[in-house]
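This report concerns only the one structure given below.
Residue numbers (full-length UniProt numbering): 1 to 99.
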């Protein structure tokens, strides 16, 4: 099985500054257990099966500790907030600015 590398979106400082420019009110939301909010499909669930002393455990949600979880979650956040002015998702945080 080969390794697939999915890079995490690195924010350009100009993008960050243009998002918050002109804002008068700023807020940051920290999402609790963010990755666990995303369900995984059946094929992924099989790949992420954990072998414990109590038997096999198939995950239903994106677990912490999986190397690609950060990139998957970031991509989903980008999709959800695409086109929303003053909102900048980054990892499990959402930065918001407005007037």
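Positions of the beta carbon are idealized from the N, C-alpha and C atoms, including for glycine.
Burial state of residue i (16 or more Cβ within 10 Å)
i          : result
residue 13 : exposed
residue 26 : exposed
residue 57 : exposed
residue 34 : buried
residue 40 : buried
residue 47 : exposed
7 Å Cβ cutoff met for residue i and residue j
i          : j          : result
residue 28 : residue 95 : yes
Alpha carbon of residue i to alpha carbon of residue j, nearest angstrom
i          : j          : result
residue 70 : residue 59 : 17 Å
residue 62 : residue 15 : 28 Å
residue 55 : residue 18 : 51 Å
residue 32 : residue 92 : 8 Å
residue 74 : residue 99 : 26 Å
residue 20 : residue 82 : 16 Å
residue 44 : residue 22 : 43 Å
residue 24 : residue 80 : 24 Å
residue 10 : residue 42 : 30 Å
Nearest to residue i (by Cα), restricted to the options the options
i          : options        : result
residue 30 : 85, 82, 77, 98 : 77
residue 50 : 64, 92, 38     : 64
DSSP bridge partner residues for residue i (one or two, in chain order)
i           : result
residue 115 : Because the chain in this structure spans residues 1 to 99, residue 115 falls outside the shown range and cannot be described.
residue 51  : 56
residue 39  : 61
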